[in-house]
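Peer 1:
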Amino acid sequence: MIDTDDILRDTTRRTGVEHVVNVRLSTEFGEFLAAGYLDHDRGEEQIALVYGDIDADDVLTRLHSECLTGDAFRSRHCECGEQLSAALRAIVSEGRGVLVYLRGHEGRGIGLLAKLRAMRLQAEGLDTVEANLALGLPDDARDYRAAAGVLHDLGVRSVRLLSNNPRKHDALERHGISISERVPLLIPPRDENLFYQWTKRERLGHHLPHLPG
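Counted the way our numbering counts, the sequence shown spans residues 4 to 216.
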């Protein structure tokens, strides 16, 4: 007879990310190895897309925060969907690299419904930081421990980080990932997201030198 109490105790003792499955994934950008993980600390299912041989130093790496509106629906409110495509193209062009797609990061970690509420406040004139704070939420609630755990499991020793966000750089280094270079991922602004990108530069410290103003 199975002791369910023992199973529960085993489950509660588990922490960090668990590598669950690998499968080939053919995409419009190329064929990747999709590595699936379970984050036992936060209960999220995570995925890394691996291209080529990453058993090396200075692997081109993108940590991409989940954005349903941008990634799936191609919303022009943000540049997330375009960043996702550009990152995958850059990795394929490089010949090797990793994209860690971080679920639970919707709306910089506040969740989908809160993000939609924040977007409504932005439509009324607040910027993206002011909108989150008006809802009583942090301007950025994302955590990158799981991303570092995935990279450690994949054997990535050091990365060239595809990011404009200094917080991602600092968080990965805190979790033991060496960063040899930060590679800009600059998306030309649209009328619909220029103010959003400008706010990320001025309020959140993103490196976006291509923006006007």
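Beta carbons: idealized from backbone N, C-alpha and C, even for Gly.
#1: For Ala38, list the residues DSSP reports as bridge partners.
#2: Look at the Cβ atom of Gly152, then the Cβ atom of Gly19, and state whether they are nearer than 7 Å.
#3: Roughly how many whole angstroms lie between the Cα atoms of His172 and His155?
#4: Do you know offhand how far His80's Cα is from Tyr199's?
#5: Just how far apart, CA to CA, sit Ser166 and Arg17?
#6: Helix, strand or coil for Glu69, going by three-state DSSP, please let me know.
#7: Below 6 Å CB to CB, which residues in the same chain sit around Gly84 once its five sequence neighbours on both sides are set aside?
#8: Could you name the residues of the same chain whose beta carbon sits closer than 6 Å to that of His108, not counting the 5 residues immediately before and after it, in chain order?
#9: Tell me, please, which residues DSSP counts as bridged to Arg163.
#10: Counting pairs of Cβ atoms below 8 Å between the region 59-68 and the region 25-45, do you hit three or more?
#11: Between which two residues does the beta strand (DSSP E) holding Gly179 run?
#12: Can you tell me where the beta strand (DSSP E) holding Tyr104 begins and where it ends?
#13: Give me, in chain order, the residues of the same chain whose beta-carbon lies closer than 7 Å to that of Arg106; leave out the 5 immediate sequence neighbours on both sides.
#14: Just to confirm my understanding: we take Leu206, look at its own chain, exclude 5 residues before and 5 after, and list those with CB closer than 6 Å. What are they?
#15: Taking only heavy atoms of the ligand SAH into account, decide whether any of them is closer than 6 Å to the Cβ of Glu176.
#16: Within 10 angstroms of the Cβ of Val62, are there 16 or more other Cβ atoms? Answer buried if so, exposed if not.
Peer 2: Answer, in terms of the structure:
#1: Asn25 and Ala51
#2: In this structure, Gly152 places its C-beta atom within 7 Å of the C-beta atom of Gly19.
#3: 15 Å
#4: 8 Å
#5: 31 Å
#6: Coil, per DSSP.
#7: Gly73, Asp74 and Arg77
#8: Ser68, Glu69 and Arg145
#9: Leu63 and Glu184
#10: no
#11: Run containing Gly179: none; DSSP gives neither H nor E here.
#12: Gly100 to Leu105
#13: Counting only Cβ-Cβ distances below 7 Å, and skipping sequence neighbours, we find Glu47, Glu48, Gln49 and Glu69.
#14: Before going on, a small fix: residue 206 reads as Arg here, not Leu. The answer, listed in chain order, is Val132.
#15: The ligand SAH is not among the ligands present in this structure, which contains no ligands whatsoever.
#16: buried
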